[in-house]
Amino acid sequence: MAEVPDKVSLEGIEAKWDAAWEEQRTYRFDRGKPREAVFSIDTPPPTVSGSLHLGSAFGYIQTDAIARFQRMRGREVFYPMGWDDNGLPTERRVQNHYGVWCDPTAPYDPDFTEPPPAEGGGKDKAVRSLARQNFVELCHILTAEDEKGFERVWRDLGLSVDWTLTYATIDDHSRAVSQRAFLRNLRRGQAYAAEAPTVWDVDFGTAVAQAEIEDRETGGAMHRVAFQRADGEGAIEIETTRPELLPSCVALVAHPDDERYRPLFGSDVLTPLFRVAVPVVAHPLAEPEKGTGIAMVCTFGDTTDVVWWRELDLPLRALIQRDGRFQDEVPGWLTGAGAETYGEAVAGRHAKQARRAVVEKLRDAGDLIGEPKQLMHPVKFFEKGDRPLEIVTSRQWYIRNGARDPGLRRALLERGEAMDWHPPFMGVRFKHWVEGLNSDWLISRQRFFGVPFPVWYPIDEHGRTQWEDPILCAEDALPVDPQSDPPPGYGEAQRGQPGGFAGDTDVMDTWATSSLSPQIVGTIEPNLFERVFPMDLRPQGPEIIRTWLFATVLRSHLEHYELPWSDAFINGWILDPDRKKMSKSKGNVTTPADLVVQYGADGLRYWACKAGPGADTAVDQAQMKNGRRLAIKLLNASKFMLGVTSGAGAAGAITETIDRAMLAELAAVVDDATEAFAGYEYHRALARTESFFWHFCDHYLELVKSRAYGEGPGAESARAALETALAILLRLFAPVLPFATEEVWSWWREGSIHRAPWPAAEELRDMVAGDGDVEVLAVAADVLSEVHKAKTLERRPLRTQVARLVVEDVGDRLAALRIAEADVREAGVVEELVLREGPERQITVELAAAAD
RNA sequence: GGGCGGUUAGCUCAGCUGGUCAGAGCGCCUGCCUUACAAGCAGGAGGUCCCCGGUUCGAGCCCGGGACCGCCCACCA
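Under this note's numbering, the first residue of the first sequence is numbered 1, with each subsequent residue one higher.
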């Protein structure tokens, strides 16, 4: 136990208590507790790629406040921390940071060491290509550094995580869990491989999933193009934004009920320039109002083409390759002039270049009707990508997600309904996402830094890879890297040989691993899973409901047939649309670490906790400043209270009515704050507590100050009340302001406040025995306010003596005032107090003459 | 095109199941060094609670319509 300091300060308080908490193992999870006593949190593993943004800190702080409340309430809080380091963001960061590029065909260099960072961030300047293994090693090196930095920030913010419970989505344990879950999905038929048209990013060279696609308004042009009818009876005009796909055209499609085109269904037309005969077909997805009401189907311009191609059983005439270029070779279905045109205008070009050339040719041939019309239209992009997605056919791994299985879809919707969402409206985002799923979850990525698929393929004696017949890794041999480990029964020398094997070269999408976070943390050490799963809480951001949250529900449903957690807490969005401008023009800093220096962790936490669940929030340094002010006020008020009570313990009886009134009010605050916190409404708990606290300082403390200092009969009552109130107020504030409250607690109590029990209103009520007439405090505070006001208006110091104070009021209020009369006179420096019964409140303050 | 949030003092926001709900902090103005706190205290100015209808004895709060802002989803002809 420390002394009450002469001068209070928040300087260095974060470092001091972080070290103390670590040393005292304050937040260490007690592995011995049964499931009912545990509150387990499925902490989001932040993406470790560079620096931590304020938006992340915002959500984690809110979660921490909830965790701290639950801990004080008696639950053993399971609060691990993970780092999401596998995947594309890390690869990209490594590429830019070191100026390197992964060349999967290059041989491994065993003597490789970390290169110096590239100049200028190395963006787009790959100065050096690396073997896959070397590249992966470099990813590990850089993420390890970033993770240290992240932990530092989390600690400075006061996150009460158990730092012995950490994982990374790329570490051995996570890879093993991820591979095991995949193998089980595969064995149960929930995962499968398929050769199919998939959405493809031509720059990253990988397939991407529906959840990672976004629409961007992009400039383009609408071209009206004429298709000659094969019977020579005129032409059909269509509109397209992608005329370069004409050589891939396989049909024209119109709505079955469209009278304009009905007579043509079944007949052929000739594609312009390329002169390929394609049929006119009918499909309900064709919209008569769009364009000319008839569209060209190409393999593939967009996902609708894929549907038409599949459902109308059209031929495959794909020409765009994985690098985004049209193939060099003239395809077999083009002949004569068409083949020539292809060679001149299309072959080997990117989509944009080919488009220009084809449009010129169309114009020359007279097949372009009018001029292209510029327009803005939505185009699909990979959310991390820079160029429009293409659709290419490739072999990929999928997990069934209900998109093509109504029963599974319904089951997942029911899971969503069974969950408690905070705030509730976030649940509809989940619902809409599940309802809108249109394809199974594509989990394979043609990348390097990720969890490999634990499968190999036999190669027959003719050198053909047997894709349909994968060799699965045994669960006890996980994690495995099929590109460096041979499958059971084979030797490494047989890799790539006839009669040998080939390892799967793909890695899993990051979400395929992070969706197993409950399983990963639950098996981070033995005998843990049944103590923490299903978990209590999933906190996360709103933008990853469709990815992380949905995928976690799916994996848990498939593996355990239950919800992974009972409650989902979705934090709001940080509104800082113009971050750069803000920091430049105002010279402000916006990284969490800088803000901690400026406002203290408690100040930053106060700002974050002012925002309710799901509430979008502006970065507001004024609020952080106010939080810091509150923390300092707490220190000062505590210093004062402990100064008069000597921290001797609330031994004496609380006899004065006004003291009892204050405690009765505080009991109501405890009730409200507890209820709010329990319902994840920490912002209300804070507002209620804070509001009480300021009134407490401004009115109650002023009223009882003199009495508490003195030796009179009421002194003991005041001191006991002060000490009781302080012990409760500190605990009410502890989840939001862990540093300031711990500091004060340490002045007079043993142990950490964060392991102290949450206050119970019942204890307070027992103490005041129901006799806490709140009117006494209210009337006293009101009269004192009037006295202060009079002095202020007269521009006199507040300690100015009041020669005569006349209070006229109704009987009840006068009676209440009489009870607190001594305190009011002391606090107001009142010489003579006259109470007079009257119909309404009227207060007259006569100040003593000025001294000069 | 569909959906979800939001619109309350100059700024950032509270206002829970309709009746002291017209509030807080910041900013602004005026005082006050009062032995916990000047990183403070006391006081003050400032709002047709987006608009239009409706329900009700009574509506920021409920219902209908509309406007604007943000976000999410949607098959890019």
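All C-beta atoms, glycine included, are put in the ideal place defined by N, C-alpha and C. These numbers come from a predicted model, not from an experiment.
Backbone CA spacing between residue i and residue j [nearest angstrom]
{"i": "Ser-444", "j": "Thr-510", "result": "10 Å"}
{"i": "Lys-789", "j": "Leu-764", "result": "33 Å"}
{"i": "Ser-160", "j": "Leu-554", "result": "29 Å"}
{"i": "Ala-778", "j": "His-557", "result": "56 Å"}
{"i": "Leu-270", "j": "Arg-229", "result": "6 Å"}
{"i": "Val-736", "j": "Asp-698", "result": "22 Å"}
{"i": "Glu-562", "j": "Arg-546", "result": "18 Å"}
{"i": "Gly-838", "j": "Val-810", "result": "6 Å"}
{"i": "Leu-575", "j": "Leu-54", "result": "10 Å"}
{"i": "Val-480", "j": "Gly-348", "result": "39 Å"}
{"i": "Val-512", "j": "Ser-178", "result": "Looking at the sequence provided, one finds Ala at residue 512 rather than Val. Near 7 Å, if we compare the C-alpha coordinates of Ser-178 and Ala-512."}
{"i": "Lys-33", "j": "Ala-19", "result": "25 Å"}
{"i": "Leu-10", "j": "Asp-594", "result": "15 Å"}
{"i": "Trp-565", "j": "Ser-515", "result": "13 Å"}
{"i": "Arg-628", "j": "Gly-600", "result": "6 Å"}
{"i": "His-283", "j": "Gly-266", "result": "12 Å"}
{"i": "His-462", "j": "Ala-502", "result": "14 Å"}
{"i": "Tyr-167", "j": "Trp-101", "result": "27 Å"}
{"i": "Pro-542", "j": "Met-426", "result": "8 Å"}
{"i": "Leu-437", "j": "Leu-412", "result": "12 Å"}
Endpoints, beta strand (DSSP E) assigned at residue i
{"i": "Ile-391", "result": "390-399"}
{"i": "Lys-373", "result": "368-382"}
{"i": "Val-77", "result": "76-78"}
{"i": "Glu-832", "result": "830-837"}
{"i": "Glu-214", "result": "213-229"}
{"i": "Tyr-167", "result": "166-168"}
{"i": "Tyr-680", "result": "Premise fails: Tyr-680 is in no beta strand (DSSP E) and is neither H nor E."}
N- and C-terminal bounds of the alpha helix (DSSP H) containing residue i
{"i": "Thr-844", "result": "Not the alpha helix (DSSP H): Thr-844 falls in the beta strand (DSSP E), residues 842-847."}
{"i": "Met-767", "result": "761-768"}
{"i": "Asp-782", "result": "774-793"}
{"i": "Met-426", "result": "426-436"}
{"i": "Gly-627", "result": "621-645"}
{"i": "Met-419", "result": "It is not in any alpha helix (DSSP H) - Met-419 carries neither H nor E in the DSSP assignment."}
{"i": "Phe-453", "result": "Neither: Phe-453 is in no alpha helix (DSSP H) and is coded neither H nor E."}
{"i": "Ala-708", "result": "702-709"}
{"i": "Glu-311", "result": "303-311"}
Burial state of residue i, where buried means 16 or more other Cβ atoms lie within 10 Å
{"i": "Ile-141", "result": "exposed"}
{"i": "Asn-636", "result": "exposed"}
{"i": "Lys-148", "result": "exposed"}
{"i": "Ser-638", "result": "buried"}
{"i": "Asp-315", "result": "In the sequence as displayed, the identity of residue 315 is Pro instead of Asp. So Pro-315 counts as exposed."}
{"i": "Thr-856", "result": "Absent from the structure is residue 856, since the part of the chain shown begins at 1 and ends at 852."}
{"i": "Gly-12", "result": "exposed"}
{"i": "Gln-855", "result": "Since the first residue shown for the chain is 1 and the last is 852, residue 855 is missing from the structure and cannot be characterised."}
{"i": "Met-376", "result": "exposed"}
{"i": "Asn-571", "result": "buried"}
{"i": "Tyr-342", "result": "buried"}
{"i": "Ser-49", "result": "buried"}
{"i": "Pro-526", "result": "exposed"}
{"i": "Leu-285", "result": "exposed"}
{"i": "Gly-205", "result": "exposed"}
{"i": "Lys-853", "result": "Here the chain has residues from 1 to 852 only, and residue 853 is not among them."}
{"i": "Thr-164", "result": "exposed"}
- [ ] Please determine if the region 53-63 and the region 596-611 are in contact, where contact requires at least 3 C-beta pairs separated by less than 8 Å.
- [x] yes
Open item on the list: Check whether the region 619-626 and the region 748-758 are in contact - that is, three or more C-beta pairs closer than 8 Å.
Closed with: no
TODO: Scan the region 521-563 and note each continuous alpha helix (DSSP H) run of 4 residues or more that stays entirely inside, going in chain order.
DONE: The region 521-563 contains these whole alpha helix (DSSP H) runs: 529-532, 550-560.
Open item on the list: Across the region 71-82 and the region 679-686, are there enough close Cβ pairs to call them in contact, namely three or more that are closer than 8 Å?
Closed with: no
- [ ] With a floor of 3 residues, list each beta strand (DSSP E) that falls wholly inside the region 235-260, ordered by position along the chain.
- [x] 235-240, 249-254
Task: Touch test, the region 169-183 against the region 365-384, Cβ-Cβ under 8 Å, three pairs minimum - done: no
- [ ] Spell out a yes or no on whether the region 390-406 and the region 430-445 are touching, meaning 3 or more CB-CB pairs, one atom from each, closer than 8 Å.
- [x] yes
Open item on the list: Taking 8 Å as the cut-off, does the region 423-431 touch the region 354-362 (at least 3 CB pairs, one atom from each stretch)?
Closed with: no
Open item on the list: Does the contact criterion of 3 or more C-beta pairs under 8 Å hold for the region 653-662 versus the region 84-94?
Closed with: no
Open item on the list: Quick check: the region 34-45 against the region 530-540, are at least 3 beta-carbon pairs closer than 8 Å?
Closed with: Between the region 530-540 and the region 34-45, the count of C-beta pairs closer than 8 Å reaches three or more; the two stretches touch.
Open item on the list: Assess contact between the region 708-715 and the region 726-746, defined as three or more Cβ pairs (one per stretch) separated by less than 8 Å. Is contact present?
Closed with: no
Task: Stretch pair the region 295-310 + the region 248-267: three plus CB contacts closer than 8 Å - done: yes
Open item on the list: Across the region 297-306 and the region 230-239, are there enough close Cβ pairs to call them in contact, namely three or more that are closer than 8 Å?
Closed with: no
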